[in-house]
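In the UniProt record's numbering, the protein residues as written are 1 to 305.
First up is the structure itself, then whatever we jot down about it.
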Ligand SMILES: Nc1ncnc2c1ncn2[C@@H]1O[C@H](COP(=O)(O)OP(=O)(O)OP(=O)(O)O)[C@@H](O)[C@H]1O
């Protein structure tokens, strides 16, 4: 990587009793990225984030933030980065504005940022309402506003859309993109929701049973993803034999569909050849591998896992 990584994990591992929650994790997050950290429940995402945040100690391996170890960064670590882990907690008897003002004062930050954050996160109208009346979506937004008060360069968000309804998920997704685009903040966020990761990440890492099983940019993914023709015929065995010999290819049968792997073969020609040979077709489509397919291939998991 030509540009120095803003976050670099080298052989990072964490062992609990007799099992590895995270094992030999190597990840580089480039400045300006929206890095999606994807894995099923229990894959090791939160453990990794807790280690980055210095909340738990790694069993082995190294974490470098801004090119330095946690020890070298000391207090600077929390000046230059921010994180939200699980559900954000607030003083429920204080208003949104009071919560932010309190946090700014505690951390010796300028209070002028409070109004800016309320505006940025669309909380201006709700600013004087008690946070006990807030919906989960509003609390998530207030949590992001609080995390951003000190203008961090890197934000780490652990499952930021957990428990939100579709509209809340959309709002947080747009916020993440906006923070990255307009404020230049590098973002690492964990998720087990594939569509979410696919929609906003510039780079994705898939973690499974504590190990990194795949890492790619969205650009790479689109280039590398498999394309094929899928069809269902009245005589599947006969159709496979015929297509293999006519097109010098190797068709596979998956989930009751014949897959022709060669993208250069034209579907209309496939259609004609099968019909001319007395084989009827009940389904024919062009297919590209989705992130969900790739994730399932690697982890045996499903979308919301
Ligand atoms: N304090 C702990 N003691 C023992 N085992 C733990 C501890 N914390 C996490 N684990 C185990 O480590 C593994 C990884 O857990 P982790 O919470 O990091 O997964 P995750 O990917 O964040 O999952 P989720 O999406 O469910 O939060 C799991 O098997 C979990 O049970």
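By construction, the Cβ of each residue, glycine as well, lies at the ideal position given by its N, Cα and C atoms.
- Contact between residue 190 and residue 49 is confirmed by a C-beta separation of about 6 Å, below the 8 Å threshold.
- Non-local beta-carbon contacts of residue 168 in its own chain, meaning distances under 6 Å to residues more than five positions away in sequence, involve 137 in chain order.
- At a threshold of 8 Å, residue 16 counts as near ligand 1, since its beta carbon sits closer than that to one of the ligand's heavy atoms.
- Here the residues close to ligand 1, judged by CB distance below 6 Å to any of its heavy atoms, are 16, 21, 39, 41, 42, 43, 44, 45, 46, 47, 192 in chain order.
- Here DSSP, grouped into helix, strand and coil, assigns residue 45 to helix.
- With fewer than 16 other Cβ atoms from the protein chains shown falling within 10 Å of its own Cβ, residue 67 counts as exposed.
- By the criterion of at least three beta-carbon pairs nearer than 8 Å, the segment 58-72 is not in contact with the segment 93-101.
- Three or more beta-carbon pairs drawn from the segment 283-299 and the segment 193-208 are found closer than 8 Å, and the two stretches are therefore classed as touching.
- In the three-state reduction of the DSSP assignment, residue 137 falls in the helix class, which pools H, G and I.
- Taking C-beta atoms as the reference points, residue 131 and residue 118 fail to come closer than 9 Å.
- Looking at the backbone, the Cα of residue 43 and that of residue 21 are separated by about 7 Å.
- In this structure, residue 273 places its C-beta atom within 9 Å of the C-beta atom of residue 243.
- Taken through DSSP and simplified to helix, strand or coil, residue 53 comes out as coil.
- The beta carbons of residue 81 and residue 153 sit closer together than 9 Å.
- Between residue 210 and residue 14, the gap from beta carbon to beta carbon is short of 9 Å.
- In this structure, the CA atom of residue 289 is about 29 Å from the CA atom of residue 9.
- Take residue 184, set aside five residues on each side of it, and the residues of its chain with a beta-carbon closer than 7 Å to its own are 32, in chain order.
- Residue environment analysis places residue 45 among the buried positions, since at least 16 neighbouring C-beta atoms fall within 10 angstroms of its C-beta.
- In terms of Cβ geometry, residue 120 and residue 79 do not form a close pair [threshold 9 Å].
- If you draw a straight line from the Cα of residue 39 to the Cα of residue 90, it is about 28 Å long.
- In the DSSP assignment, residue 259 falls outside any alpha helix (DSSP H) and within the unbroken beta strand (DSSP E) covering 257-260.
- By the criterion of a C-beta distance shorter than 6 Å, residue 145 is surrounded in its chain by 117, 121, once the five residues flanking it on both sides are discounted.
- Beyond the five residues adjoining it in sequence on each side, residue 149 comes within less than 8 Å, by CB distance, of 100, 103, 104, 107, 109, 113, 114, 117 in the same chain, given in chain order.
- Residue state for residue 62 is assigned as strand, using DSSP reduced to three classes.
- Across the set 270, 135, 70, 124, the C-alpha of 135 shows the shortest separation from the C-alpha of residue 92.
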